[in-house]
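Undergrad: Chains as they are written, first to last, in the working numbering: chain F, 1 to 192; chain V, 193 to 384. The beta carbon of each residue, even a glycine, is placed where N, CA and C say it ideally should be.
Number of protein chains: 2
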Amino acid sequence: MISAFETYLHTHAGLTGEEINRISSAATARSIRRNELILQEGQVCRHKTFLVSGLLRTYGIVADGSEHILQFASENTWTLDAESYDHQKPTLFNIAAVERSELLQWTKPAFDRLLLEIPALKAFSEQLIANSNHRSRQRLFTSLSATPEEKYEDFVRLFPDLLARLPLHMIAAYLGISLKTLTRIRHAQLKR
Amino acid sequence: MISAFETYLHTHAGLTGEEINRISSAATARSIRRNELILQEGQVCRHKTFLVSGLLRTYGIVADGSEHILQFASENTWTLDAESYDHQKPTLFNIAAVERSELLQWTKPAFDRLLLEIPALKAFSEQLIANSNHRSRQRLFTSLSATPEEKYEDFVRLFPDLLARLPLHMIAAYLGISLKTLTRIRHAQLKR
DNA sequence: CGATTCTTTGAAAACAGTCAATCTGTGTGG
DNA sequence: CCACACAGATTGACTGTTTTCAAAGAATCG
């Protein structure tokens, strides 16, 4: 489990073996079951999480009880609620496992220390943040401008691998459309 | 015009006078008229821009010709297309003046040098990026979960000062609703 | 002051959402 | 190993809202 992470760091961040060891050994491994929460509304996000295997979703619940999904995270990606983590204040969102998942986690003090000690990790981190912002900006634009059908096609294009792993109601909650509309779209596409 | 910027840096970034001078003197001042573009789809975003006065909007145009607004920037805020700026590649968006505006601009090489030379500026920069990400995540969530009426109320709450400065069709393009719906909402609220 | 831009309104059509029932497949516990 | 329960998917009928198209009046910019 650690080794999958080390391979990831090696190929994506270009760190030295010694640096990678330092980062790995500061992590705690953890395994969670389907539907288990790693962050709950009202709590403070105390860890940075790397997903070795499995699938997580970040979602919020509004007044009428409906769930809306901000993000999916799958193998070899990171997840957290940045706002809550950065300022160590209560979050508005939840992070839960869609599938049984294997995680590595760092507390904020531990990771902050690593960032100071390892400039290349800091640089890699900034790059990840920039990517994540870019994606969220892109998604906001789609959310503003696309029809439900285009949103679905976009999703299929961007996350072909997630399609089979997610129940449709979660895809609908991610796209901001109703489950009914999503089934209608899929039905219409079969005819093509 | 420079002095308004220096006051801003002084109160928000906590830099020394010498650092502030260095930053100011690397900037180019520029004044633009209503509807003038400072970035156009297909171009590379070559500058980081600070808005001394006025109002800008960042928008994209989709296949059917409709305009969707990602962001407004007003006095004492920064604007650019980060994706295009970071990688110096063509942008998908446009940035145009809603009102006559006064800008300060830095080229990427110039600003990158400042970031290296002035660690406090780097830190301040990271903070601005984090804030902007947080806002865009928040907005994505609203866009997914709120009704048109809630979106409008949110906008009024967040940007009370912009309300009178923007034509309604731009507010609608920002909220992702039709102009007709926006007028309906406003009409309904008068009755309360 | 003239021209453009902006706002409001109406009528009609399109679309997505809600509610409710049924069907399917999967997995768990007996 | 089977039966049952449960989560997920699909469908139908209906409702309500939003959009589209179009026109006219109001306000604002240059």
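1. Please compile the residues from chain F whose C-beta is within a distance smaller than 8 Å of the C-beta of residue 222 of chain V.
2. Consider the Cβ of residue 370 of chain V: report whether some Cβ of chain F lies at a distance smaller than 7 Å.
3. Just to make sure I have the definition right: I need the residues of chain V whose C-beta is within less than 8 Å of the C-beta of residue 133 of chain F. Which are they?
4. Can you tell me where the beta strand (DSSP E) holding residue 267 of chain V begins and where it ends?
5. Quick check on the DSSP output: the alpha helix (DSSP H) that includes residue 242 of chain V runs from which residue to which?
6. Determine the direct distance from the alpha carbon of residue 165 of chain F to that of residue 237 of chain V, and round the result to whole angstroms.
7. Output needed for residue 99 of chain F: all residues of its chain with C-beta closer than 7 Å, excluding positions within five of it in sequence on either side, in chain order.
8. Which residue wins for smallest C-alpha separation from residue 369 of chain V, given the options V:325, V:197, V:338 and V:211?
9. Considering Cα atoms alone, identify which of V:276, V:320, V:317 and V:304 is closest to residue 235 of chain V.
10. Closer than 6 Å by C-beta to residue 188 of chain F: which residues in its own chain qualify, once you throw out the five before and the five after it? Chain order, please.
11. Please work out which residues of its chain come closer than 6 Å, Cβ to Cβ, to residue 88 of chain F, disregarding the five sequence neighbours upstream and downstream, and give them in chain order.
12. Taking 7 Å as the threshold (beta carbon to beta carbon), is residue 68 of chain F in contact with chain V?
13. So residue 20 of chain F and residue 10 of chain F are in contact, right, with Cβ under 8 Å, and what is the actual spacing, rounded?
14. With distances taken from CA atoms, which of F:51, F:140, F:183 and F:179 is nearest residue 70 of chain F?
15. Hey, could you find the ends of the alpha helix (DSSP H) residue 242 of chain F is sitting in?
16. Kindly identify the DSSP beta-bridge partner or partners of residue 94 of chain F.
17. Going by other Cβ atoms of all chains shown within 10 Å of its Cβ, with 16 needed for buried, is residue 260 of chain V buried or exposed?
18. Kindly give me the distance between the Cβ atoms of residue 116 of chain F and residue 29 of chain F, rounded to whole angstroms, as I take these residues to be in contact under 8 Å.
19. Who are the neighbours of residue 139 of chain F on chain V, taking C-beta pairs under 7 Å?
20. Is residue 197 of chain V near residue 254 of chain V, with beta carbons less than 7 Å apart?
21. How many Å lie between residue 351 of chain V and residue 25 of chain F at the Cα?
22. Look up residue 29 of chain F in the DSSP assignment and give the residues it is bridged to.
TA: Straight from the coordinates:
1. As a position in the second sequence, residue 222 of chain V is number 30, starting the count at 1. What residue 222 of chain V touches in chain F: nothing, since even the nearest Cβ is about 25 Å away.
2. For the purposes of this step, residue 370 of chain V is taken as the residue at position 178 of the second sequence. No, residue 370 of chain V does not count as interfacial toward chain F.
3. Along the first sequence, one-based indexing puts residue 133 of chain F at 133. Going along chain V in sequence order, the residues near residue 133 of chain F (Cβ under 8 Å) are 274, 321, 324, 325 and 328.
4. Your numbering for residue 267 of chain V matches position 75 in the second sequence. Where residue 267 of chain V is concerned, there is no enclosing beta strand (DSSP E), given that its DSSP letter is neither H nor E.
5. By one-based count along the second sequence, residue 242 of chain V stands at place 50. Where residue 242 of chain V is concerned, there is no enclosing alpha helix (DSSP H), although the beta strand (DSSP E) it sits in stretches over 239 to 245.
6. The residue given as residue 237 of chain V occupies position 45 in the second sequence. The residue given as residue 165 of chain F occupies position 165 in the first sequence. Each residue's Cα considered, the two are about 38 Å apart.
7. Within the first sequence, residue 99 of chain F is the residue found at index 99, counting from 1. Excluding positions up to five away in sequence, the list reads 34, 54, 55 and 165.
8. For the purposes of this step, residue 369 of chain V is taken as residue 177 along the second sequence, with counting starting at 1. Of V:325, V:197, V:338 and V:211, the residue nearest in Cα terms is V:338.
9. Residue mapping note: residue 235 of chain V aligns to position 43 of the second sequence, counting from 1. Looking at V:276, V:320, V:317 and V:304, the one whose alpha-carbon comes closest to that of residue 235 of chain V is V:276.
10. Reading the first sequence from its first residue, position 188 is the one you call residue 188 of chain F. By the criterion of a C-beta distance shorter than 6 Å, residue 188 of chain F is surrounded by no residue of its chain, once the five residues flanking it on both sides are discounted.
11. Locating residue 88 of chain F in the first sequence gives position 88, counting from the first residue. The residues are 44.
12. Residue 68 of chain F sits at position 68 when you count from the first residue of the first sequence. Cβ-Cβ to chain V under 7 Å: yes for residue 68 of chain F.
13. In the first sequence, counting from the first residue as 1, residue 20 of chain F sits at position 20. In the first sequence, counting from the first residue as 1, residue 10 of chain F sits at position 10. Between residue 20 of chain F and residue 10 of chain F a beta carbon distance of about 6 Å is seen, short of the 8 Å cut, so the two are scored as contacting.
14. For the purposes of this step, residue 70 of chain F is taken as the residue at position 70 of the first sequence. For the residues F:51, F:140, F:183 and F:179, the minimum Cα distance to residue 70 of chain F belongs to F:140.
15. With chain F running from 1 to 192 in the structure shown, residue 242 of chain F is simply not present.
16. Counting from one through the first sequence, the residue named residue 94 of chain F turns up at place 94. Answer by DSSP bridge pairing, in chain order: F:59.
17. The count along the second sequence starts at 1 and reaches residue 260 of chain V at position 68. By the neighbour-count criterion, in which a residue is buried when 16 or more other Cβ atoms sit within 10 angstroms of its Cβ, residue 260 of chain V is buried.
18. Here residue 116 of chain F corresponds to residue number 116 of the first sequence, with the count starting at 1. Here residue 29 of chain F corresponds to residue number 29 of the first sequence, with the count starting at 1. Residue 29 of chain F and residue 116 of chain F do not touch by the CB rule: their CB atoms are close to 24 Å apart, not below 8 Å.
19. Position 139 of the first sequence, counting from 1, holds the residue named residue 139 of chain F. Within chain V, the residues placing a beta-carbon under 7 Å from that of residue 139 of chain F are 332, ordered along the chain.
20. As a first step, residue 197 of chain V must be located in the second sequence, where it is residue number 5. As a first step, residue 254 of chain V must be located in the second sequence, where it is residue number 62. No, these two residues do not count as a Cβ contact at 7 Å.
21. Stepping through the second sequence from its first residue, residue 351 of chain V is reached at position 159. Stepping through the first sequence from its first residue, residue 25 of chain F is reached at position 25. For residue 351 of chain V and residue 25 of chain F, the distance between alpha carbons rounds to 46 Å.
22. The count along the first sequence starts at 1 and reaches residue 29 of chain F at position 29. According to DSSP, residue 29 of chain F bridges with F:104.
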